[in-house]
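*Asks:* First the structure, which I've put down as C-alpha cells, then a few questions once you've had a look.
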Amino acid sequence: MTETSMRGSHNLDNACNTSVHNFTGITASIGYYINKEKGMRGSHNMDSACNTSVHNFTAIIRAQKRWRIAICSIRFMVSLGREVVFKRNSHNSGILKPHFFTTLDIEPSSSHPGENERVPCSFVPNMNQTALTEMVKEKDLLALRSFGGVQGIATALKTDPEKGIHSDDQEVGQRRQMFGANTYHKPPPKGFLFFVVDAFKDTTIFILLACAALSLGFGIKEHGAKEGWYEGGSIFIAVFLVVVVSALSNFRQERQFEKLSKLSKNIKVDVLRDTHRLKISIFDIVVGDVVFLNIGDQVPADGLFLDGHSLQIDESSMTGESDHVEVDSTENPFLFSGSKVSDGYARMLVTSVGMNTAWGEMMSSITGDSSEITPLQARLNKLTSSIGKIGLAVALLVLLVLLIRYFTGNTQDKNGKREYYAGQTDLDDVFNAVLRIVSAAVTIVVVAIPEGLPLAVTLTLAYSMKRMMADQAMVRKLSACETMGSATIICTDKTGTLTLNEMKVTKFWLGQESIEEDSSTVIAPNVLTLFHQGVGLNTTGTIYKPASGSEPEISGSPTEKAILSWAVSQLGMDTVKLKQGSAVLHVETFNSEKKRSGVAIRKKSDNTVHVHWKGAAELILAMCSSYYETSGITKSLNKDRYKIEKIIQGMGASSLRCIAFAHKQISEEEMGCHDAERTHRLRENGLTWLGIVGLKDPCRPGVKKAVETCRNAGVEVKMITGDNVFTAKAIATECSILDPNHQVNSEVVDGVEFRNYTHEERMEKVEKIRVMARSSPFDKLLMVQCLKQKGHVVAVTGDGTNDAPALKEADIGLSMGIQGTEVAKESSDIIILDDNFASVATVLRWGRCVYNNIQKFIQFQLTVNVAALVINFVAAVSAGEVPLTAVQLLWVNLIMDTLGALALATELPTDELMQRSPVGRTEPLITSIMWRNLLAQALFQISVLLTLQFKGESLLNVRGEVKDTLIFNTFVLCQVFNEFNSRSMEKKNVFKGLHKNRLFIGIVGTTIILQVVMVEFLNKFADTERLNGLQWGVCIAIAAVSWPLGWVVKFIPVSDKLFLNYPKSAKVIFLRIVRVFNRMKPSSSRLGIGCGKR
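Quick note on the numbering used here: the sequence shown kicks off at 2 and runs consecutively.
Right, here's the structure in full:
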C-alpha cells in the first residue's frame, strides 16, 4: 500500500510538471503559428524563428491582447485537471507507466471506428493527428522543434526509442483503433455483373441477339406464343449460356489475381517491441512503432528519423525526382511511406499509417488492373483476327449464295416445296427465311472466330499461377509464366539460391596464424578490443540478451548473424559495454558494388578516432600495408602479402566465404570531424590487417539435381556471384555448373575482367562463361544484355537493390522472397518464395507447361474451326442449306471455347517437357507437328460429315431431320474424342497420366452428358431428333476413329521447317479459298477479295 501511495503521489507531481511543460509548449506553439501567419517561416534560420515567435507573442501581450492569456490559462487548468484525473485512473488500472511530459494532443482519426474510445496515453489538446500528419508531409522542421523534436513526439506517442512499444495485443489494438490501420481504401473489385456486361459488348453477340429477337417476333406471329418461341428463344438461351460461362471464367480469374496481389503486397518489416526485434506484416504496423530500415527496404509508413547512418532515400515513387534524398536527424528527419532505402540504415518512428499517409491517399485512387496483355496473348489476338477475317469472308459468301439460291427459287421447305415465288410468297415468310440465312451466316462467324484462344491463355495462366504458389513461386507479371517456358539461359546468384544461406564461421586466421581454440585466450588484449570494435560496431545486425540469461538473440542478415554469433561465443564480445564506450562518427554501408563496409568511431576513454573496414578479403587486403600478429605486434605486408593471398585462395577453394577486417587509428582532422559540409570519407589505404574469417554456406540438398534438370532441358545455368574466384569455382563444381573433370579457363571469369573486354570480345566469350566471380550489379546487367543480343531468352535471379537493372533488363526477373529487398521484388516478374534454385527449375517446368497447354488448345480449336467452316460452306454452296443450325453451332462453340480450354489448359507439367530443347524467341506458335495433327483430324471430320450430308439418308435409311441430328451428334463426339488426341502432340499414348487429371475427365464426362440431353430431351430447343441405340452407336463408332487415326498420323515424320508459318499461314489459306471461288462464282470471289483487303 505504501508503494502504491508513493506511486500515486509521484503521478500527481508528474501530472503537475507535465502541465507546466505543456504550457511552455503551448506558448512556443502559439508563437510559431503567429510567426507562420506573418509569413516569416523560411526566411530565418530555426533558432531566430523561435526567438521571433517569442518576441511576437510578447508584443501581442503588450498590445493588450489579454484574451490569449485567458485561453492559455484555461488550457493550463484543463490540462492540469485532466492529468490529475487521468493519472489516478491509469494508476488504478495499472496499464501504463508514468510519463514525465507530453506536448501533443493526438486525436483519433475520424475515418476510423471507435474514435471516442480513449487510449491510455496522456495528451494535451494542442495538436491532433491531422496536424502531426501534415507536419511530416510538409517537412515542417519549425513545427517539429516546437513540439520537442523527435524525442518529444516519441514521448507523446508513449514510445521508448530504445525498447519500442509494448507488444501486447491490447496496446497494439488500441493504437490501431485510434490512429487507423496501415491499409488504404481500395475501389471495390469488379463484380460478376461487370463481366456479364463486358461479354455482351462483343459485336457478334449483339448481331445474334438481334437475329434472335427478330426470329422470336416472327415465330410468335406465325406460329403463336406456344410454338413460335422455340427458334428465337433457343438462340437467346444459347447466347446467354456462352456469355455467362465466359463471364464466370473472367470473374474467377479476377478474384485469383486479387488474392495474389494481396500476397505480393504483404511485406515483412522489422520492428522493435518490448526490446525484441520482430518481423511483422506491413499491415500490422501502428503509430508509435520503431521500424528498422536497411538498403532496399520500402518505408512502410510516414515517420521520423530516430537514428542511423548514411541514409539515402529514393522518393521517386512519390515525387518523380530520381535524385536520392539524404535523411538525418537535423536537416531532414522526415520519411514517407512508399519510398525506398537506396543506401545506409536507420531506425524510424512511425507517425502516420494507412490513409493518413500521402502514399495511402495515392494508392487508394489507383485501381489494380489484372487485364494485362501478355506477349503470347497479343500473338493469339493477331491469330484470332486473321482467322476471324477468313471466317467473315466465308460467312459473307455463304450469306450471298444462300440469298441467291432462295430468291431464285432453288430452296425447298421441310415438305419439299419451293420456298420462294416472286410476288406470291408472303412477306413474313420472306423475312423469316432471310433472318434464318443471316442467323446461319452470323453463327458461322461466331464459330470461325477462335475466341477461346485468349480465354485458354487466361485459364492456363491463372491455373498455373495458383499451382506455382504451392511450388514456392509467386508470379507478379503474367507474361513471365509463358516467357519462362522459352528461357534458354538462367543466370543465378550463389548465396541463398544455390546455397542454404545458413552461414557459420568455421575458419579464423589472425595474420598468418590459424586460430583453432578459444580465440579470446590466445589473442593480445589490444587486438581483441579492435576485433570487438570491428565486428560489433561495423554491423547492421543487433544482439539482444534476455534478462533470464539464456542464449542471446541475434538479428540481421545471415552473414552478419554468423559473424556476431562467432564474436560473442569465441571472442567474448559484449555489445552493451562496447556501445557505451564508443561513439559512431560515420558509417559507409555495405552494398554489392563496394563489397565492403566501414565505420569511424571515437573511443570515449581516450577520445581517439578509429576507422574499421570489413568486406571481401582481397579488397580489404589491397587497402592494407601492415598486419597484426596474435601477440599484438604489427608487421609490414611487403614480404608477406602473397602468403595471406594464399590463405585466402585456400579458404576459397574449400567453399568458404572470406570476410576480412582491417583497422587504422586516425586524427580528427583526417576524419573531417569539423567539416561543416559533413563530407566525411573513411581512410581507405595504409590500414592494418586484423584477420580473416571463413564462413561455410553449404549447398542446398536438391540444387545439383535441379541444375542437371535444367541442362538436360537445354537451358544453360550461369552462376554470377560476388565471392572470389576460388570460392565460386568450388561451389559451381559442387552444384554441377562446372564439370570437375573438364574445366576450361574461359568458363570462369572475374567481373572486372569481363567488363574490361571490348564489345566484340564479350560477344564472343559470353556464351562460354559459366561462372562470373567478384561481379558487380553492372557486370550482371552487362552479361544479360550480351546474351539477349545473341538471341537468348534470359532469366536472372537477384536479391539486392542494385540487382534491379538486371532484373528489369532480363526477359524473366526472379527475385528472392526471403533475402530479396523490396526494390528487387518490385523489379522482378516472379518471386521465388523459398530462395531455392530448385524452385527456379520448377518455374521453368511450369513455363513450358503453360506454353505447351496453349499449343494443345490451338491445335484442338483450329481443328474445329476448319471442319465447321468447310462443312457449312460446302453444304451451303451445293445444297443451299447448312447442316448445323445457329443453336447447334453455339453449343459447339461453348464446348470448344470454354470447356475445351478448361480441360486442356489445366494439364500438369510432365517430365517429357524437360527433355525438349527450349523454344527460344523464333519458334513459331503453330508448329509443323501441330499442322500435321490438326489437318489430319479436320480432313477426316470433313469427309465423314459431308458424306453424311449428301448420302446419309440413303446410307442409313433415315429422314432428313434425323440425318441432320446425326451430323450434329457425330461432329460434337468427334471433338470429344479429339480432345484426348490433343493431350499430347507427339506422344502416341495419349492416355498416359489421364487418371491424374480429374478435371479433364470431369469436363469430358459433363460434355457427353450435356450432349445426350441436347439430343434426347431438348429437341425443340436444339432442333434435333431423338436417336435410337444403333444410331448412337454409329455416331460413337465414327467419332472413335479419331483415336487410331491420331495414333497412325504421329508416325508421319515432319521436318523442323514450318509447314505453314504464321502470319503467312492466314494469307496462304485465304488466297487458296479465293482461287477456288474465282473458278466457281466470279461475283462471290470479288466479294471475298474485297473482304480480304479490308
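The beta-carbon is built from N, C-alpha and C at its ideal position, and this holds for glycine as well.
#1: Below 8 Å CB to CB, which residues in the same chain sit around Cys1036 once its five sequence neighbours on both sides are set aside?
#2: Apart from the five residues on each side of it in sequence, which residues of its chain come closer than 7 Å, Cβ to Cβ, to Ser737?
#3: Would you mind sorting Gly1003 into buried or exposed? The rule is 16 or more other CB atoms within 10 Å of its CB.
#4: Note down, in chain order, each residue of its chain lying with its Cβ closer than 7 Å to the Cβ of Lys578, except the 5 sequence neighbours on either side.
#5: When you compare only the Cα positions, how much space is there between Leu1046 and Asn433?
#6: Name, in chain order, the residues that DSSP records as bridge partners for His664.
#7: Among Pro188, Gly651, Met931 and Glu980, whose alpha-carbon lies nearest the alpha-carbon of Ile1053?
#8: For Lys605, which residues of its own chain have a beta-carbon under 7 Å away from its beta-carbon, when the five flanking residues on both sides are left out?
#9: Does the structure place the segment 739-759 close enough to the segment 793-806 that three or more beta carbon pairs sit under 8 Å?
#10: Closest to Lys638 by CA distance: which of Lys647, Cys625 and Thr631 is it?
#11: If contact is defined by three or more beta carbon pairs under 8 Å, each pair taking one atom from either stretch, is the segment 546-565 in contact with the segment 641-654?
#12: How is the alpha helix (DSSP H) around Trp230 delimited, first residue to last?
#13: Where does the unbroken beta strand (DSSP E) through Asp324 begin, and where does it stop?
#14: Quick test of the definition: if touching needs 3 or more C-beta pairs under 8 Å, does the segment 466-478 touch the segment 858-868?
#15: Is the segment 656-675 touching the segment 606-618, taking contact as three or more C-beta pairs under 8 Å?
#16: By how many angstroms is the C-alpha of Gln130 removed from the C-alpha of Phe58?
#17: Alpha carbon to alpha carbon, how far is Met136 from Ala144? Give it in angstroms, no decimals.
#18: How about Ala623 and Leu683: are their beta carbons less than 7 Å apart?
#19: Alpha carbon to alpha carbon, what distance is there between Val287 and Gly174?
#20: For Leu657 and Gln650, what's the separation of their Cα atoms in angstroms?
#21: Would you mind sorting His996 into buried or exposed? The rule is 16 or more other CB atoms within 10 Å of its CB.
#22: Could you check how far apart the C-beta atoms of Val536 and Met504 are, in whole angstroms? I think they sit under 8 Å.
#23: Helix, strand or coil for Tyr643, going by three-state DSSP, please let me know.
#24: Could you pull out every residue in the same chain whose Cβ sits closer than 8 Å to the Cβ of Val244, ignoring the five residues on either side in sequence?
#25: Residue range of the beta strand (DSSP E) that Gln473 falls in?
#26: CA-CA distance, Leu935 and Pro910?
#27: Since Lys697 sits in a beta bridge, which residues does DSSP pair it with?
#28: Do Leu815 and Arg771 have their beta-carbon atoms positioned less than 7 Å apart in this structure?
#29: For Val851, I'd like the list of residues in its chain whose CB is within less than 7 Å of its CB, leaving aside the five on either flank, ordered along the chain.
#30: Enumerated in chain order, which unbroken segments of the beta strand (DSSP E) with a length of 3 residues or greater are wholly contained in the segment 522-554?
#31: Give the C-beta separation of Arg597 and Ile621 to the nearest angstrom, bearing in mind that I take them to be a contact with Cβ-Cβ under 8 Å.
#32: In chain order, what residues of the same chain have a beta carbon less than 7 Å from the beta carbon of Lys809, not counting five sequence neighbours either side?
#33: Between the alpha carbons of Asn757 and Gly653, how many angstroms are there, rounded?
#34: Leu1010: buried (16+ other C-beta within 10 angstroms of its C-beta) or exposed?
#35: Who are the near neighbours of Glu987 in its chain, counting only those whose CB is closer than 8 Å to its CB and skipping five residues on each side?
#36: When you compare only the Cα positions, how much space is there between Glu761 and Cys787?
*Replies:* By the coordinates alone:
#1: Leu967, Asn970, Thr971, Leu974 and Leu1028
#2: Lys705, Val708 and Glu709
#3: exposed
#4: none
#5: 42 Å
#6: His613 and Thr689
#7: Met931
#8: Gly582, Ser583 and Ala584
#9: no
#10: Note that residue 638 is Leu in the sequence shown here, rather than Lys. Leu638 has its Cα closest to that of Cys625, out of Lys647, Cys625 and Thr631.
#11: no
#12: Trp230 -> no alpha helix (DSSP H), and no H or E assigned at all.
#13: Element bounds for Asp324: n/a, residue is neither H nor E.
#14: no
#15: yes
#16: Any answer about Phe58 is weak, because its pLDDT of 38 lies below 50 and its placement is not dependable; what the coordinates show is given next. Phe58 and Gln130: Cα-Cα distance of roughly 25 Å.
#17: 7 Å
#18: no
#19: 9 Å
#20: 10 Å
#21: exposed
#22: Not quite, the Cβ-Cβ distance comes to about 14 Å (not below 8 Å), so this is no contact.
#23: helix
#24: Val197, Ala200, Phe201 and Ile206
#25: Per DSSP, Gln473 belongs to no beta strand (DSSP E) and is neither H nor E.
#26: 22 Å
#27: Lys505 and Leu657
#28: no
#29: Thr461, Leu462, Ser465, Cys482, Glu483 and Gly486
#30: 543-545
#31: 6 Å
#32: Ser828
#33: 24 Å
#34: The question names Leu, but residue 1010 in the sequence shown is Ile. The residue is exposed, with fewer than 16 neighbouring Cβ atoms inside 10 Å.
#35: Ile930 and Lys1051
#36: 10 Å
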